[in-house]
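Beneath this line is the structure, given in structure tokens, with notes to follow.
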Ligand SMILES: Nc1ncnc2c1ncn2[C@@H]1O[C@H](COP(=O)(O)OP(=O)(O)OP(=O)(O)O)[C@@H](O)[C@H]1O
Ligand SMILES: [Mg+2]
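Chains as they are written, first to last, in our numbering: chain A, 1 to 288; chain B, 289 to 584.
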């Protein structure tokens with residue numbers, strides 16, 4: 001069905017046009033155990049910084065209301081992959097996508113030429129590696145996504161802000177200091193503030209890029225717990241280079257290595273009986 | 289061996305210290321002389337009187353008013369254009385050979401001697417556009433003069449905003465303009481304002497371009513008031529009025545013979561230094577206050 005949908009994303013690159021029907025790399029995606037229903041999927045996604053190809057035909061399904069973890073050694077392209085979803089790379093010149101990222105249920109190809117990146121970013125939300133609250137009040141931080149969308153009604157915003165802060169397990173801590181600067185919170189609180197900011201607009205898919213790598217174990221634990229709660233309402237795609245974290249919180253895991261998808265599967269299965277030697281070496285700590 | 293190196297170090301320290309002392313000493317001496325000569329003359333009468341042939345009755349009122357109005361025009365024209373240009377170059381312009389060229393030109397313009405700007409203004413504003421040697425002409429000329437500085441400081445202030453703040457806004461679905469107006473501008477306002485104030489404080493002492501466009505050196509009246517008693521109550525006639533500014537008034541007094549006029553000149557100089565210091569102080573204050581609020 002989406003093969004037709006995806007065709008529009010192929011930008012006339014012969015290399016991609018002659019894609020093998022079932023190459024070794026797409027086999028490793030383990031199609032027989034692909035989840036259902038899907039919130040999104042990438043289809044032979046390749047990405048280039050200038051002439052440098054960083055992603056090589058990555059096909060990964062993102063299961064609805066699940067947590068999908070993306071693991072792999074540093075520099076393998078995890079962040080790059082994640083940032084394709086909300087077209088972050090469009091902000092910088094000289095970047096190029098190939099392939100498709102399809103958002104369900106409307107099967108919209110995010111990378112389609114007719115698709116405005118802003119439209120995509122309104123549907124998805126992103127949490128970055130380093131907490132990056134705006135130097136504005138806690139309230140304004142969370143409300144900003146709504147303001148961008150033109151919401152003016154004070155009551156609606158109040159309600160959404162509280163809701164989002166509760167979802168991010170931050171409400172109790174900040175309800176008395178909503179006008180304090182977001183940047184004055186602790187690191188863990190800042191990251192939860194960023195999660196609240198992302199949740200306030202009811203995104204369909206939450207993208208997290210190593211959200212706990214700058215935090216201590218307790219703050220990390222808080223956020224992991226939080227994600228477990230959240231997944232009932234929002235699909236989560238999380239990048240982490242902490243394998244224990246991936247094993248703890250995710251339902252599906254994709255293992256990447258130098259820009260290629262090595263293996264995809266249910267987290268339990270992937271961590272207990274990896275199908276690929278490379279995966280096994282990585283999760284047993286033999287490299288990476 | 290170590291001793292020799294230590295001696296070299298001590299010598300160098302001494303040398304740099306004396307260079308510093310020389311520089312600061314000269315400044316203090318100059319300022320002190322200005323104080324001694326001018327402070328006695330700096331009274332209410334001096335501030336509220338018109339120039340006169342008699343030094344003791346002469347005052348600096350028209351020059352002060354002239355300087356203020358010219359600065360007003362300069363600020364109203366130079367700041368919006370400069371900031372807008374800075375934002376455009378930093379946020380919107382694609383990197384092409386043309387923007388590179390504009391960039392180099394802007395940077396170089398900041399170093400062009402100010403009298404060149406005066407010459408340009410004489411041709412463009414005074415003759416071609418027929419604005420005459422008016423406050424408007426002077427304001428526009430100084431606006432041109434500060435434009436490069438404003439553009440450069442705006443760009444620097446914008447560039448100081450971390451990428452991840454910008455990306456946070458874009459990731460929430462903000463458009464470029466929303467990102468600029470909600471984040472980039474507010475967060476860089478302190479830096480921009482500081483640069484703008486410093487640019488204005490430089491412009492206030494500019495003499496050469498103002499002389500070039502034909503400012504008067506002796507003026508016994510004030511420009512028409514901007515507020516009138518009849519509708520529409522505001523008047524822009526003052527824009528076209530002849531004028532003088534403090535540094536020119538000062539120069540006029542310096543070039544006159546006699547101790548008394550020298551005292552007037554010193555007093556005017558003190559005033560000028562004072563205004564510059566106040567503006568610089570303001571810049572430091574603004575930077576300090578706003579820096580404390582905006583951090584990442
Ligand atoms: N702006 C860029 N221009 C050129 N190359 C880049 C750029 N950003 C990243 N790369 C390269 O792309 C590759 C993948 O980078 P990416 O940041 O996606 O890795 P990662 O898997 O997220 O690593 P980490 O775990 O360290 O965050 C790296 O080799 C990196 O050098
Ligand atoms: Mg990364």
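Yeah, the Cβ is synthetic: ideal placement off N, Cα and C, and Gly gets one too. These numbers come from a predicted model, not from an experiment.
Check, Outcome
"Any non-hydrogen atom of ligand 1 closer than 7 Å to residue 46(A) Cβ", "no"
"Residue-chain proximity (residue 475(B), chain A), Cβ-Cβ < 8 Å", "yes"
"Near-chain A residues of the region 453–469 of chain B - C-beta to any C-beta below 7 Å", "453, 455, 456, 458, 459, 460, 461, 462, 463, 466"
"Buried or exposed by the 16-neighbour rule on C-beta atoms within 10 Å, applied to residue 177(A)", "exposed"
"Residue 175(A), buried or exposed, once every other Cβ within 10 Å from all chains shown has been counted against 16", "exposed"
"Residues that residue 526(B) bridges to, as DSSP identifies them", "Partner(s): none; residue 526(B) has no beta bridge."
"Neighbour flag for residue 243(A) against chain B, beta carbons, 8 Å", "no"
"Contact belief for residue 131(A) with residue 87(A) at Cβ below 8 Å, rounded distance in angstroms", "Their Cβ separation, rounded to whole angstroms, is 22 Å, which puts residue 131(A) and residue 87(A) out of contact at 8 Å."
"Which residues DSSP lists as bridging residue 255(A), in chain order", "71(A), 263(A)"
"Residues bridged to residue 109(A) (per DSSP)", "102(A)"
"Chain-order list of residues whose beta-carbon lies under 8 Å from that of residue 340(B) (same chain, five-residue window excluded)", "346, 347"
"Distance cut-off 7 Å: residue 42(A) Cβ against heavy atoms of ligand 1", "no"
"According to DSSP, residues forming a beta bridge with residue 137(A)", "181(A)"
"CB of residue 513(B) within 8 Å of CB of residue 330(B), strictly", "no"
"Cβ-based neighbour list, residue 40(A), same chain, cut-off 7 Å, excluding 5 preceding and 5 following", "62, 101, 102, 103, 104, 205"
"Contacts that residue 582(B) makes with chain A (C-beta to C-beta distance below 7 Å)", "135"
"Terminal residues of the beta strand (DSSP E) in which residue 46(A) lies", "38–49"
"CA-to-CA distance, residue 211(A) to residue 282(A), given in whole angstroms", "21 Å"
"Near-chain A residues of the region 366–388 of chain B (beta-carbon distance less than 8 Å), N- to C-terminal order", "382, 383"
"Beta-carbon spacing of residue 45(A), residue 99(A) below 8 Å", "yes"
"Residue 49(A) Cβ short of 7 Å to ligand 1 heavy atom set", "yes"
"CA-to-CA distance, residue 486(B) to residue 568(B), given in whole angstroms", "6 Å"
"Contact test: residue 77(A) Cβ vs ligand 1 heavy atom, cutoff 7 Å", "yes"
"Proximity test, residue 210(A) beta-carbon vs ligand 2 heavy atom, cut-off 7 Å", "yes"
"Straight-line gap, residue 106(A) to residue 147(A) (C-alpha atoms, nearest Å)", "26 Å"
"Contact between the region 430–443 of chain B and the region 456–475 of chain B (3+ Cβ pairs under 8 Å)", "no"
"Collapsed DSSP secondary structure at residue 518(B) in the structure displayed", "coil"
"Three-state secondary structure (DSSP) of residue 125(A)", "strand"
"Whole-angstrom C-beta distance between residue 454(B) and residue 378(B), which should lie under 8 Å", "So it is not a contact: roughly 11 Å between Cβ atoms."
"Three-state class that DSSP yields for residue 575(B) in the structure shown", "helix"
"Rounded Cβ spacing between residue 38(A) and residue 64(A) (contact assumed at less than 8 Å)", "6 Å"
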